[in-house]
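Numbering (my numbering), first residue to last: 439 to 619. Backbone N, C-alpha and C fix where the C-beta goes; we use that ideal spot for every residue, glycine too. Have a look at the structure below, then the notes.
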């Protein structure tokens, strides 16, 4: 039976705070406050679910490499089965998307499409799968990771209208600039 420490190692739990920071940056950029708290809380659940899913699915997709290069990791060492890791990873992906959808449905500001947060969460989930599933070791790996981070900041902004006049996919140019770093 796997220990709590094994699961925390699989999740790489301490790293999740980088995703929380992305949401906070995006949210505060457009609101300058922590209101609505419920919307912020759901976006934080979304980002934690999506980020932790990415950590787990990274190990799922890399299990053969890890058996050779990192046999002490939870999956190759047998602490956590590959099947259980897949269930956890894809389950967290679903939690992240559902939390993003609920954030938009219940907390979007007037004038903002209720599906915008959910759409961004879905794009982020797909970006995680694309990155973990194979492009990370190619030329496109850095681009895919950049897309993950950009989508995460946009997720933090997604409950509120575009800031400024020029919009691209319902986000302002300044929002894209902040999200893209």
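Exercise for the section: Report yes if the C-beta distance between residue 550 and residue 612 is below 9 Å; otherwise report no. Expected result: As a position in the chain shown, residue 550 is number 112, starting the count at 1. As a position in the chain shown, residue 612 is number 174, starting the count at 1. In this structure, residue 612 does not lie closer than 9 Å to residue 550 by Cβ.
Practice task
Starting from the Cα of residue 514, find the closest Cα among 533, 494 and 528 and give me that residue.
Solution key: What you label residue 514 is simply residue 76 of the chain shown in a count that begins at 1. Selected option, being the one with the closest Cα: 494.
Practice task
Within the same chain, show all residues whose beta-carbon is closer than 7 Å to that of residue 573, passing over the 5 residues directly before and after it, in chain order.
Solution key: Against the chain shown, residue 573 aligns to sequence position 135. Contacts found: 579 and 582.
Exercise for the section: Report the rounded CA-to-CA distance for residue 496 versus residue 571, giving the unit in angstroms. Expected result: What you label residue 496 is simply residue 58 of the chain shown in a count that begins at 1. What you label residue 571 is simply residue 133 of the chain shown in a count that begins at 1. For residue 496 and residue 571, the distance between alpha carbons rounds to 8 Å.
Exercise for the section: Pull up the distance between the alpha-carbon of residue 606 and that of residue 561, whole angstroms please. Expected result: For this step, residue 606 is matched to residue 168 along the chain shown. For this step, residue 561 is matched to residue 123 along the chain shown. Note that residue 606 has pLDDT 49, beneath the 50 cutoff, so the model's placement of it is unreliable and no number is given.
Handout entry: Beta-carbon separation (whole angstroms), residue 537 vs residue 487, contact threshold 8 Å
Key = For the purposes of this step, residue 537 is identified with residue 99 of the chain shown, where counting begins at 1. For the purposes of this step, residue 487 is identified with residue 49 of the chain shown, where counting begins at 1. Contact holds; Cβ gap of about 6 Å.
Problem - Backbone CA spacing between residue 521 and residue 548 [nearest angstrom] - result: As a first step, residue 521 must be located in the chain shown, where it is residue number 83. As a first step, residue 548 must be located in the chain shown, where it is residue number 110. When rounded, the distance between both Cα atoms is 43 Å.
Exercise for the section: Note the first and the last residue of the continuous alpha helix (DSSP H) segment covering residue 503. Expected result: Here residue 503 corresponds to residue number 65 of the chain shown, with the count starting at 1. That run of the alpha helix (DSSP H) goes 501 to 507.
Practice task
Look up residue 577 in the DSSP assignment and say whether it is helix, strand or coil.
Solution key: Sequence index remark: in the chain shown, residue 577 carries index 139 (1-based). Three-state DSSP puts residue 577 in coil, outside helix and strand.
Handout entry: Residue(s) in a DSSP beta bridge with residue 444
Key = For this step, residue 444 is matched to residue 6 along the chain shown. DSSP lists no partner for residue 444.
Handout entry: Sequence-distant residues of its chain with Cβ nearer than 6 Å to residue 540 (five each side left out)
Key = For the purposes of this step, residue 540 is identified with residue 102 of the chain shown, where counting begins at 1. Result list for residue 540: 480, in chain order.
Handout entry: Bounding residues of the alpha helix (DSSP H) (the contiguous stretch that carries residue 537)
Key = Here residue 537 is taken as the residue at index 99 of the chain shown, counted from 1. Looking at the DSSP string, the run of the alpha helix (DSSP H) that includes residue 537 is 520 to 545.
Practice task
Can you tell me which of the three DSSP states residue 598 falls into?
Solution key: Here residue 598 is taken as the residue at index 160 of the chain shown, counted from 1. In this structure, residue 598 counts as coil in the three-state DSSP scheme.
Exercise for the section: Work out the CA separation of residue 598 and residue 469 for me, nearest whole Å. Expected result: Your numbering for residue 469 matches position 31 in the chain shown. Your numbering for residue 598 matches position 160 in the chain shown. Looking at the two C-alpha atoms, the distance is approximately 8 Å.
Problem - Between the CA atoms of residue 609 and residue 527 - distance to the nearest angstrom - result: Sequence index remark: in the chain shown, residue 527 carries index 89 (1-based). Sequence index remark: in the chain shown, residue 609 carries index 171 (1-based). So the alpha carbons of these two residues sit roughly 29 Å apart.
Exercise for the section: Compute the Euclidean distance between the alpha carbons of residue 529 and residue 490, then round it to the nearest angstrom. Expected result: Residue 529 sits at position 91 when you count from the first residue of the chain shown. Residue 490 sits at position 52 when you count from the first residue of the chain shown. Distance between the alpha carbons of residue 529 and residue 490 is about 10 Å.
Handout entry: Three-state class that DSSP yields for residue 610 in the structure shown
Key = Along the chain shown, read from residue 1 onward, the residue named residue 610 stands at position 172. Residue 610: strand per DSSP, three-state reduction.
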